[in-house]
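Asks: Once you've had a glance at the structure underneath, I'll fire off some questions.
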Amino acid sequence: MSISYRLADIAAQLGGQLLGDAEVCITQVATLDNARPDQISFFSNSKYRAKLAATGAGAVIVGQADADATQLPRIVSDNPYAYFAKVSALLNPSPSFKPGIHPSAVIDATAQIDPAVSIAAQVVIEAGAKISAHSVIGAGCYVGANTVIGPHARLYPHVTIYHDCVIGSGLIAHSGSVIGADGFGIAMDQGRWIKIPQIGRVVIGDDVEIGANTTIDRGALDDTVIEDGVKLDNQIQVAHNVRIGAHTAIAGCAGIAGSAVIGRYCLIGGGARILGHLQLADHVEVAAHTLVGKSIREPGSYAAIYPFSKSEDWRKNAVHLRHLDEMLKRIKKLEQENALLKGKDQ
Amino acid sequence: MSISYRLADIAAQLGGQLLGDAEVCITQVATLDNARPDQISFFSNSKYRAKLAATGAGAVIVGQADADATQLPRIVSDNPYAYFAKVSALLNPSPSFKPGIHPSAVIDATAQIDPAVSIAAQVVIEAGAKISAHSVIGAGCYVGANTVIGPHARLYPHVTIYHDCVIGSGLIAHSGSVIGADGFGIAMDQGRWIKIPQIGRVVIGDDVEIGANTTIDRGALDDTVIEDGVKLDNQIQVAHNVRIGAHTAIAGCAGIAGSAVIGRYCLIGGGARILGHLQLADHVEVAAHTLVGKSIREPGSYAAIYPFSKSEDWRKNAVHLRHLDEMLKRIKKLEQENALLKGKDQ
Amino acid sequence: MSISYRLADIAAQLGGQLLGDAEVCITQVATLDNARPDQISFFSNSKYRAKLAATGAGAVIVGQADADATQLPRIVSDNPYAYFAKVSALLNPSPSFKPGIHPSAVIDATAQIDPAVSIAAQVVIEAGAKISAHSVIGAGCYVGANTVIGPHARLYPHVTIYHDCVIGSGLIAHSGSVIGADGFGIAMDQGRWIKIPQIGRVVIGDDVEIGANTTIDRGALDDTVIEDGVKLDNQIQVAHNVRIGAHTAIAGCAGIAGSAVIGRYCLIGGGARILGHLQLADHVEVAAHTLVGKSIREPGSYAAIYPFSKSEDWRKNAVHLRHLDEMLKRIKKLEQENALLKGKDQ
Numbered sequence: 002m003s004i005s006y007r008l009a010d011i012a013a014q015l016g017g018q019l020l021g022d023a024e025v026c027i028t029q030v031a032t033l034d035n036a037r038p039d040q041i042s043f044f045s046n047s048k049y050r051a052k053l054a055a056t057g058a059g060a061v062i063v064g065q066a067d068a069d070a071t072q073l074p075r076i077v078s079d080n081p082y083a084y085f086a087k088v089s090a091l092l093n094p095s096p097s098f099k100p101g102i103h104p105s106a107v108i109d110a111t112a113q114i115d116p117a118v119s120i121a122a123q124v125v126i127e128a129g130a131k132i133s134a135h136s137v138i139g140a141g142c143y144v145g146a147n148t149v150i151g152p153h154a155r156l157y158p159h160v161t162i163y164h165d166c167v168i169g170s171g172l173i174a175h176s177g178s179v180i181g182a183d184g185f186g187i188a189m190d191q192g193r194w195i196k197i198p199q200i201g202r203v204v205i206g207d208d209v210e211i212g213a214n215t216t217i218d219r220g221a222l223d224d225t226v227i228e229d230g231v232k233l234d235n236q237i238q239v240a241h242n243v244r245i246g247a248h249t250a251i252a253g254c255a256g257i258a259g260s261a262v263i264g265r266y267c268l269i270g271g272g273a274r275i276l277g278h279l280q281l282a283d284h285v286e287v288a289a290h291t292l293v294g295k296s297i298r299e300p301g302s303y304a305a306i307y308p309f310s311k312s313e314d315w316r317k318n319a320v321h322l323r324h325l326d327e328m329l330k331r332i333k334k335l336e337q338e339n340a341l342l343k344g345k346d347q
Numbered sequence: 002m003s004i005s006y007r008l009a010d011i012a013a014q015l016g017g018q019l020l021g022d023a024e025v026c027i028t029q030v031a032t033l034d035n036a037r038p039d040q041i042s043f044f045s046n047s048k049y050r051a052k053l054a055a056t057g058a059g060a061v062i063v064g065q066a067d068a069d070a071t072q073l074p075r076i077v078s079d080n081p082y083a084y085f086a087k088v089s090a091l092l093n094p095s096p097s098f099k100p101g102i103h104p105s106a107v108i109d110a111t112a113q114i115d116p117a118v119s120i121a122a123q124v125v126i127e128a129g130a131k132i133s134a135h136s137v138i139g140a141g142c143y144v145g146a147n148t149v150i151g152p153h154a155r156l157y158p159h160v161t162i163y164h165d166c167v168i169g170s171g172l173i174a175h176s177g178s179v180i181g182a183d184g185f186g187i188a189m190d191q192g193r194w195i196k197i198p199q200i201g202r203v204v205i206g207d208d209v210e211i212g213a214n215t216t217i218d219r220g221a222l223d224d225t226v227i228e229d230g231v232k233l234d235n236q237i238q239v240a241h242n243v244r245i246g247a248h249t250a251i252a253g254c255a256g257i258a259g260s261a262v263i264g265r266y267c268l269i270g271g272g273a274r275i276l277g278h279l280q281l282a283d284h285v286e287v288a289a290h291t292l293v294g295k296s297i298r299e300p301g302s303y304a305a306i307y308p309f310s311k312s313e314d315w316r317k318n319a320v321h322l323r324h325l326d327e328m329l330k331r332i333k334k335l336e337q338e339n340a341l342l343k344g345k346d347q
Numbered sequence: 002m003s004i005s006y007r008l009a010d011i012a013a014q015l016g017g018q019l020l021g022d023a024e025v026c027i028t029q030v031a032t033l034d035n036a037r038p039d040q041i042s043f044f045s046n047s048k049y050r051a052k053l054a055a056t057g058a059g060a061v062i063v064g065q066a067d068a069d070a071t072q073l074p075r076i077v078s079d080n081p082y083a084y085f086a087k088v089s090a091l092l093n094p095s096p097s098f099k100p101g102i103h104p105s106a107v108i109d110a111t112a113q114i115d116p117a118v119s120i121a122a123q124v125v126i127e128a129g130a131k132i133s134a135h136s137v138i139g140a141g142c143y144v145g146a147n148t149v150i151g152p153h154a155r156l157y158p159h160v161t162i163y164h165d166c167v168i169g170s171g172l173i174a175h176s177g178s179v180i181g182a183d184g185f186g187i188a189m190d191q192g193r194w195i196k197i198p199q200i201g202r203v204v205i206g207d208d209v210e211i212g213a214n215t216t217i218d219r220g221a222l223d224d225t226v227i228e229d230g231v232k233l234d235n236q237i238q239v240a241h242n243v244r245i246g247a248h249t250a251i252a253g254c255a256g257i258a259g260s261a262v263i264g265r266y267c268l269i270g271g272g273a274r275i276l277g278h279l280q281l282a283d284h285v286e287v288a289a290h291t292l293v294g295k296s297i298r299e300p301g302s303y304a305a306i307y308p309f310s311k312s313e314d315w316r317k318n319a320v321h322l323r324h325l326d327e328m329l330k331r332i333k334k335l336e337q338e339n340a341l342l343k344g345k346d347q
């Protein structure tokens with residue numbers, strides 16, 4: 002089976018202004034570098050102008066300002082990258098899954114599985130769990146007791162969801178992600194750690210994507226909450242009682258410590274760390290590898306990255322970080338001396 | 002089924018001084034914010050005094066200094082947080098599991114499974130493995146050949162334990178954790194890496210908890226050792242031949258490189274990195290996101306966190322980190338000049 | 002079964018110069034500290050000279066310069082560590098697996114499984130996948146549709162490989178690793194994130210090792226490529242469209258952002274972060290916990306590590322990082338004043 006659209010069909014479905022040959026047939030999306038005549042690419046960064054000139058693409062999606070940047074058949078859009086995403090979705094629809102339950106799956110008799118659900122081999126679903134219509138549960142997934150998964154979910158193989166979690170519609174969860182494990186709650190008592198039962202849940206809104214091997218812990222007492230439209234990359238750790246605001250996107254390897262509250266439409270860079278019990282306003286951007294150690298009340302972009310250099314230069318300079326305070330004192334002393342010297346000078 | 006205790010019963014079981022109505026019935030623990038009249042909360046941080054005043058809790062656990070901070074029925078304890086943990090354990094006992102082996106589990110005929118063990122669906126247990134009494138092996142877990150798991154273990158679904166590991170009593174291992182994978186041992190030989198067989202084991206003491214997707218590598222030659230009472234959060238990497246001292250707690254995303262030896266009662270913050278072959282004394286605290294690049298011989302608290310700021314401020318300041326050495330030289334030159342100027346002044 | 006070699010047999014097979022008793026029988030490798038008389042150790046770091054003197058080993062592998070550093074039976078080699086790796090491989094051969102498919106495995110009828118393949122319990126292999134000769138697929142692994150795995154692969158339990166990936170010969174993949182999950186591709190459109198279908202593949206060369214819980218995302222449009230001989234430790238995140246050059250080794254918890262191109266023979270330290278769309282030359286070394294925010298065109302060693310200190314010292318010094326620019330301005334002002342003062346002095 003192969004999917005093909007005329008450029009005219011694409012513009013008719015998705016809008017935008019079509020310039021050039023509307024009859025060109027498009028079967029796939031591709032990069033400017035590798036596109037062939039039956040493929041469509043996009044151009045949104047002027048730094049790639051030479052690639053645009055050299056592309057073998059049959060058509061290109063461009064922004065308003067670049068409407069004349071090429072003579073290729075093209076669609077002009079306010080947001081060429083989003084337009085490209087939509088074209089790609091058109092050309093690469095999600096695979097369809099036949100409803101049904103593989104005979105090797107182990108489903109508790111009290112679980113409620115919608116007839117329009119597809120459950121793959123080796124899946125385990127516990128008592129009282131509920132899987133809603135059009136959801137696809139990949140091979141070897143585990144759904145704990147009483148957990149509710151909304152419609153149109155797509156769990157890739159080996160996703161683990163503990164008991165009592167509540168998940169909205171359209172969840173995409175990649176392999177190895179773990180939702181609802183115990184938060185890290187311990188109390189020291191006479192030289193030994195006592196475990197604090199983690200009795201909260203994980204509550205996830207609609208249209209959330211969770212990357213491979215990402216972990217979202219259940220709440221200690223109240224719930225951990227992931228709001229609608231949140232996008233989490235791989236290997237992110239979300240601790241107990243965190244709340245992540247709607248439409249926030251977090252890049253790989255980030256860690257969000259317990260009870261942090263992150264606003265809506267935030268962008269958290271890869272490997273960033275948000276300490277516990279902090280609050281981040283809406284529209285906050287945190288650079289990669291940056292630790293946020295205080296609440297951020299103002300939208301904006303924040304960073305704390307040590308600039309790298311050749312190791313010998315780094316060694317020479319970094320050693321002084323342990324003496325910055327002394328360095329400042331020496332500057333202050335020099336300023337006092339100079340004030341004095343200038344005074345005597347007068 | 003619902004569990005309920007009179008406040009008097011709780012104090013009788015767990016100690017502490019009871020003040021106020023001893024007959025109040027408690028069914029659950031909760032935060033000060035969300036507690037209802039049949040719930041007990043705790044107060045140990047004076048910053049939450051307003052929450053204490055406004056709480057709907059039926060009872061509160063408080064410290065000695067706060068015995069009169071509320072008129073609610075209360076239990077006064079030296080360690081209110083630990084007391085709270087114990088009350089929560091009372092009200093939220095671990096679920097009980099019926100001993101038995103799910104028919105879909107694949108257990109080697111030479112494995113020794115105590116009759117009081119519960120083994121869930123899709124589990125695989127290899128030859129010579131031993132699972133001791135009252136252990137619960139969750140769905141889809143894997144236990145390698147000759148691995149010994151002590152009594153009262155709780156493996157959540159999808160835990161993987163390689164061959165020949167030795168685990169004490171009371172292990173809690175969360176989903177996706179991997180115990181005993183090969184350490185990262187390679188030697189360069191004429192332009193190619195040769196693998197060094199990892200023939201050590203992982204040896205884990207009693208009462209250890211291992212978070213979701215945490216990895217503990219087997220030793221290269223000798224063993225990797227996790228002592229009694231160690232608590233590991235999610236997504237921690239413990240490399241080969243590490244030793245973690247008893248009752249040390251490590252927060253999420255930390256990484257411990259090969260052959261590091263960490264003392265007892267240490268606290269390692271989230272995302273911290275301990276380089277290889279280092280030693281940390283007992284009672285060392287390492288801040289989140291801090292790299293430890295030298296052994297620490299003295300107990301105490303250590304940090305290396307770059308303070309974050311607005312990106313434009315960060316950019317303006319961070320650029321100078323590559324010139325700190327030059328900056329110091331300029332200060333020294335100024336000091337020399339000033340000494341000279343002052344000299345001439347005399 | 003126990004394996005034993007005379008020292009003479011080892012030298013005959015692996016080369017090197019044998020000094021001392023060639024008849025000593027060796028059954029295992031061990032550290033200098035723990036070796037017994039039937040074990041061989043190695044000495045390549047002069048810092049361990051005292052351990053060499055005290056070792057109970059029956060034989061030792063040493064470098065040319067240390068040919069006389071001990072009187073024990075010894076093999077002198079140009080590269081004692083690599084020699085040791087080879088001896089260990091001799092004494093610890095990979096376990097052999099009987100070809101065959103466990104009855105609990107679920108293999109699509111259109112998958113091509115070489116007769117010399119071993120497939121363990123609970124494995125799932127999808128339509129059109131191909132597993133080549135002498136490969137071992139551990140318990141609970143998942144191989145997606147049309148994925149091709151070359152000969153002599155070793156997948157430990159619970160490895161997940163998505164559809165359409167291509168893997169060379171000799172792959173070692175540890176438990177929890179996920180190959181081919183979607184890259185993090187999203188476009189903002191009118192307040193909502195749209196998913197960009199990830200239609201590239203993961204293409205892996207020969208002799209690659211992938212650590213536990215490491216994730217390698219499939220390409221967005223073109224492929225993610227891991228070249229021959231690359232060695233990846235645990236919990237590494239490799240984003241979409243990354244290319245990792247041959248024989249590069251990356252330590253645990255590192256993260257490589259999208260479209261980064263890493264050269265051959267690079268060494269990337271634990272927890273390091275390489276930002277997206279960067280290029281690293283061949284033979285680049287990046288220190289642990291270092292963020293690389295610009296391309297590196299020259300081989301060499303690079304670092305950006307904040308030196309740790311006692312927390313109170315850290316606090317005193319780190320506060321000035323937000324004022325480095327001001328500090329430099331004060332130095333400049335002092336220099337101008339001094340120029341003036343010296344001028345007046347003349």
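Taken in order, these protein sequences are the chains called A, B and C.
For what it's worth, this note's numbering labels the leading residue of the first sequence as 2, then goes sequentially.
For what it's worth, this note's numbering labels the leading residue of the second sequence as 2, then goes sequentially.
For what it's worth, this note's numbering labels the leading residue of the third sequence as 2, then goes sequentially.
Don't be surprised by glycine CBs; every beta carbon is placed ideally from N, CA and C.
This structure is a prediction, so every number in the text was calculated from the model and none was measured.
Using only alpha-carbon positions, find the residue among 277(C), 233(C) and 268(C) that is nearest to residue 300(C).
Replies: With distances taken between Cα atoms, residue 300(C) lies closest to 268(C).
Asks: Would you mind telling me which residues of chain B sit closer than 8 Å to residue 256(A), beta carbon to beta carbon, in chain order?
Replies: Residues of chain B passing the Cβ test: 236, 253, 254, 271 and 272.
Asks: Does residue 309(C) come within less than 8 Å of chain B when only Cβ atoms are used?
Replies: Chain B, which has a Cβ nearer than 8 Å to the Cβ of residue 309(C), makes this yes.
Asks: If contact is defined by three or more beta carbon pairs under 8 Å, each pair taking one atom from either stretch, is the segment 255-266 of chain A in contact with the segment 236-245 of chain A?
Replies: Cβ pair count under 8 Å is three or more, so yes.
Asks: Along the segment 290-303 of chain C, where does the CB come closer than 9 Å to a CB of chain A? Name the residues.
Replies: Here the close residues are 290, 291, 292, 293, 294, 295, 297, 299, 301, 302 and 303.
Asks: How about the segment 28-42 of chain B and the segment 89-101 of chain B: do they share at least three Cβ pairs that are nearer than 8 Å?
Replies: The segment 28-42 of chain B is in contact with the segment 89-101 of chain B.
Asks: Anything in the segment 29-41 of chain B with a Cβ closer than 7 Å to a Cβ of chain A? List those residues in chain order, please.
Replies: Against chain A - using a Cβ distance shorter than 7 Å - the residues of the segment 29-41 of chain B are 30, 31, 32 and 35.
Asks: Are the segment 190-207 of chain C and the segment 190-208 of chain B touching, with three or more C-beta to C-beta distances below 8 Å?
Replies: The answer is no - the segment 190-208 of chain B does not touch the segment 190-207 of chain C, with fewer than three Cβ pairs under 8 Å.
Asks: Tell me where the alpha helix (DSSP H) around residue 319(C) begins and ends.
Replies: 312-319 is the span of the alpha helix (DSSP H), which, as asked, contains residue 319(C).
Asks: Under DSSP, the beta strand (DSSP E) around residue 196(C) begins and ends at which residues?
Replies: Run containing residue 196(C): 193-196, per the beta strand (DSSP E) assignment.
Asks: Output the residue ranges of the beta strand (DSSP E) runs that lie fully inside the segment 135-168 of chain C and measure 3 residues or longer, sorted by chain position.
Replies: Listed in chain order, nothing qualifies, since the segment 135-168 of chain C has no complete beta strand (DSSP E) run of 3 or more residues.
Asks: Less than 8 Å between the beta carbons of residue 170(C) and residue 159(C), yes or no?
Replies: Not a contact, by the Cβ cut-off of 8 Å.
Asks: Can you list, in chain order, the residues of its chain with a C-beta nearer than 6 Å to that of residue 85(A)? Leave out the 5 residues immediately preceding and following it.
Replies: Within the same chain, residue 85(A) has close Cβ partners 43 and 62.
Asks: Can you pull the chain C residues whose beta carbon is under 9 Å from the beta carbon of residue 159(B), in chain order?
Replies: By Cβ distance, chain C contributes 141, 159 and 177.
Asks: I want to see whether chain B comes within less than 8 Å of residue 123(C), judged by CB atoms only; does it?
Replies: Cβ-Cβ to chain B under 8 Å: yes for residue 123(C).
Asks: What does residue 107(B) touch in chain C if you count any residue whose Cβ is under 8 Å from its own?
Replies: Here the neighbours are 103, 105, 122, 123 and 140.
Asks: On the DSSP letters alone, give me the boundaries of the alpha helix (DSSP H) that residue 303(B) sits inside.
Replies: Where residue 303(B) is concerned, there is no enclosing alpha helix (DSSP H), although the beta strand (DSSP E) it sits in stretches over 301-304.
Asks: Using only CA atoms, which one of 207(B), 231(B), 56(B) and 235(B) lies nearest to residue 215(B)?
Replies: Among 207(B), 231(B), 56(B) and 235(B), the Cα nearest to that of residue 215(B) is on 235(B).
Asks: Taking just the CA atoms, how far does residue 131(C) sit from residue 147(C)?
Replies: The straight-line gap from Cα to Cα measures roughly 7 Å.
Asks: Could you have a look at residue 37(C) and say whether DSSP puts it in helix, strand or coil?
Replies: Three-state result, residue 37(C): coil.
Asks: Identify the continuous alpha helix (DSSP H) that holds residue 78(B) and give its terminal residues.
Replies: Where residue 78(B) is concerned, there is no enclosing alpha helix (DSSP H), although the beta strand (DSSP E) it sits in stretches over 75-78.
Asks: Report yes or no: is there a C-beta of chain C within less than 8 Å of the C-beta of residue 332(A)?
Replies: It does; some Cβ of chain C falls within 8 Å.
Asks: Can you tell me where the beta strand (DSSP E) holding residue 182(B) begins and where it ends?
Replies: 179-182 is the extent of the beta strand (DSSP E) around residue 182(B).
Asks: Going by the beta-carbon positions, is the gap between residue 307(B) and residue 307(C) smaller than 8 Å?
Replies: Yes, the Cβ-Cβ distance between residue 307(B) and residue 307(C) is below 8 Å.
Asks: Could you give the residue range of the alpha helix (DSSP H) that holds residue 207(B)?
Replies: No alpha helix (DSSP H) contains residue 207(B), which DSSP labels as neither H nor E.
Asks: Nearest to residue 102(B) by CA position, among 94(B), 113(B) and 121(B), is which residue?
Replies: For residue 102(B), the nearest C-alpha among the options comes from 121(B).
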